[in-house]
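Student: Starting off with a structure, shown below.
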Amino acid sequence: VRPAEETVPIPPAEATIPLPPIEVTLPVLPKEKVFMEPTPVERKREKVGSESCRTCHEEQFKKWNDTIHAKWHPSFIEPDKAKESKIECETCHGSGNLHLEDNRNYLVITTFGPLSKDTREEQNAVCTGCHNKSGLHYWNGGAHGRTLKCVDCHQVMQNNSKRYLLKGKSEMEICLKCHIKEKGKIFRSPHLSHDEAKMTCSTCHSPHGSDTPGLLTAASVNENCYKCHTEKRGPYLFDHLPVQENCLLCHDPHASVNNALLKVRQPFLCLECHTNLPKNLPSSIDRHDVFNPHSGFTYYKGCTNCHPMIHGSRHPSGARLQR
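The numbering used here puts the first residue of the sequence shown at 777, with every later residue one more than the last.
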């Protein structure tokens, strides 16, 4: 350690020794060719005709010729929707010249089904391009239109069903694939299980959309039922208010193990409403000794034994639905 008063002398500027300049020569690299991505050229799409498709798709071609699309539409299809007023392969799949050049490339045509690269909206747009005369706004806003593709229910390339080009043999087969809750009940129903009934799901429901809950074909549940059960419509001198409100309060239209498709058998169905009414009301169950096991009301069990006009009465003396 130097003492504080000791200092180090600084040499004068003339005493610095200059260093020689250093020359660095960089090697000249050879010029390399830089790869430039070519500007993609949009290939022109052109129609090639169905006969070109038939070369590879002979089996599909035969099935197609037997469908309603192939037989009926040549006279009714809009001219701008098909070549020479006839539906061809390219009407739905788009121009096929690029696919014809490379038959392994399915990206250049519109395809349908679960393996398609086209979105649900793109696939459905092909169908709704022609099927747009009525109810399309219901389809776009309905539960089915928001989640399903047309080809989920329809098989347009062959006849599996008698009508509507369905993927299954019947409407019920198609609907019950998703509506599992109704599947276990439906075969107990007199509405659908018997051939003589002649009813299908679309008798009451509109699969392509409706402005009512449940995709009903009528304005309400009751209006749907009244199409067949016209005698229950009324008007009545004495109404049974739950009946006028909603048939589903008492009935299950799809199926029931009880008589008349009742949700609960008598008298328990009636007791759901009539048990807790004030005693001074004529409709109060307290006027009937139903909870006495020795009572005739309990023995016969059915309220309609005395009140048969349960949907309403037109009789001047039918205030209690007895006639």
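Idealized CB from N, CA, C, for every residue including glycine.
Keep in mind it's a predicted model, so treat the numbers as computed, not measured.
Go ahead and pull the three-state DSSP assignment for H907.
Tutor: H907: coil per DSSP, three-state reduction.
Student: Take every Cβ of the stretch 1008-1027, pair it with every Cβ of the stretch 1077-1092, and state whether three or more of those distances are shorter than 8 Å.
Tutor: Judged by Cβ distances under 8 Å, the stretch 1008-1027 makes contact with the stretch 1077-1092, as three or more pairs qualify.
Student: Going straight from the alpha carbon of F963 to that of N1000, what length do you get?
Tutor: Taking the straight line from one Cα to the other gives about 21 Å.
Student: From what residue to what residue does the alpha helix (DSSP H) around H1050 run?
Tutor: Start and end: 1044-1050.
Student: Expressed to the nearest angstrom, what Euclidean distance is found between the alpha-carbon atoms of C977 and M948?
Tutor: Whole-angstrom Cα-Cα distance: 6 Å.
Student: Could you give the distance in angstroms between the alpha-carbon of D987 and the alpha-carbon of H869?
Tutor: Each residue's alpha carbon lies about 32 Å from the other.
Student: Pull the bridge partners of H981 from the DSSP assignment, please.
Tutor: Paired residue(s): L992.
Student: When DSSP labels each residue in this structure, what does S828 get in the three-state scheme?
Tutor: DSSP places S828 in helix when its eight states are reduced to three.
Student: L942 by DSSP, collapsed to three states: which one?
Tutor: Correct three-state label for L942: strand.
Student: Using only the alpha-carbon positions, how far apart do I1086 and L1097 sit?
Tutor: Cα-Cα distance, rounded: 6 Å.
Student: Report buried or exposed for C1079, applying the criterion of at least 16 other Cβ atoms within 10 angstroms of its Cβ.
Tutor: It is buried - the Cβ of C1079 has at least 16 other Cβ atoms within 10 Å.
Student: In angstroms, rounded to a whole number, what distance separates the CA positions of I844 and E1021?
Tutor: Distance between the alpha carbons of I844 and E1021 is about 43 Å.
Student: Using a threshold of 8 Å, state whether the C-beta atoms of V997 and C1023 are closer than that.
Tutor: Cβ atoms of V997 and C1023: closer than 8 Å.
Student: Pick from G889, F888, D842, C865: whose alpha carbon is nearest that of T831?
Tutor: Considering only alpha carbons, the answer is C865.
Student: Using the three-state DSSP reduction, which class does H920 fall into: helix, strand or coil?
Tutor: Helix, per DSSP.
Student: Leaving aside the five residues before and after A995 along the sequence, list all residues of the same chain whose C-beta is less than 7 Å from its C-beta, in chain order.
Tutor: Here the set comprises T988.
Student: Can you name, in chain order, every residue of its own chain whose Cβ lies under 6 Å from the Cβ of R821, other than the five neighbours on each side?
Tutor: Cβ within range, chain order: S871.
Student: Where do the ends of the alpha helix (DSSP H) carrying V927 lie?
Tutor: Premise fails: V927 is in no alpha helix (DSSP H) and is neither H nor E.
Student: Quick one: what's got a C-beta closer than 7 Å to G944's C-beta in the same chain, skipping five residues either side?
Tutor: So the qualifying residues of the chain are N936, S937, I950.
Student: Looking at C-alpha atoms only, which residue of K893, A919, P1018, G889 is the closest neighbour of H955?
Tutor: When each option's Cα is compared against that of H955, the closest is A919.
Student: State the Cα-Cα distance for the pair N879 and Q934, rounded to the nearest angstrom.
Tutor: C-alpha separation (whole angstroms): 22 Å.
Student: Since T993 and H984 are thought to touch, with beta carbons under 8 Å apart, how far apart are those beta carbons, to the nearest angstrom?
Tutor: Not really, about 11 Å apart at Cβ, beyond 8 Å.
Student: Under 8 Å, do H1064 and E958 count as touching if we go by C-beta distance?
Tutor: Not a contact, by the Cβ cut-off of 8 Å.
Student: On a CA-only basis, which of G921, E827, E897 is nearest L876? Give me that one, please.
Tutor: Looking at the Cα atoms, E827 is the closest of the given residues.
Student: Grouping DSSP H, G and I as helix and E and B as strand, with all else coil, what is F1014?
Tutor: It is a strand residue.
Student: Could you please give the first and the last residue of the uninterrupted alpha helix (DSSP H) stretch that includes C1001?
Tutor: Counting along the chain, the alpha helix (DSSP H) containing C1001 begins and ends at 997-1002.
Student: Among the candidates D1028, T979, P1018, whose CA atom is the shortest distance from the CA of C1004?
Tutor: Ranking the options by Cα distance to C1004, first place goes to T979.
Student: Leaving out the 5 sequence neighbours to the left and right, which residues in its chain are closer than 7 Å to K839 when beta-carbon positions are compared?
Tutor: For K839, where only same-chain residues beyond five positions count, the Cβ hits under 7 Å are M933, Q934.
Student: Mapping the DSSP letters down to three states, classify G1088 as helix, strand or coil.
Tutor: Correct three-state label for G1088: strand.
Student: Would you grab the beta carbon distance between E1049 and P1018 for me? Rounded to a whole angstrom, and I think it's under 8 Å.
Tutor: Reading the sequence as shown, one finds Cys at residue 1049 and not Glu. Yes, C1049 and P1018 are in contact; Cβ-Cβ is about 7 Å, under 8 Å.
Student: Here's the rule I'm using: 16 or more other beta-carbon atoms within 10 Å means buried, otherwise exposed. How should C1082 be labelled?
Tutor: With fewer than 16 other Cβ atoms within 10 Å, it is exposed.
Student: Just to confirm, are L1141 and C929 a CB contact at a threshold of 8 Å?
Tutor: The first residue shown for the chain is 777 and the last is 1099, placing residue 1141 beyond what the model contains.
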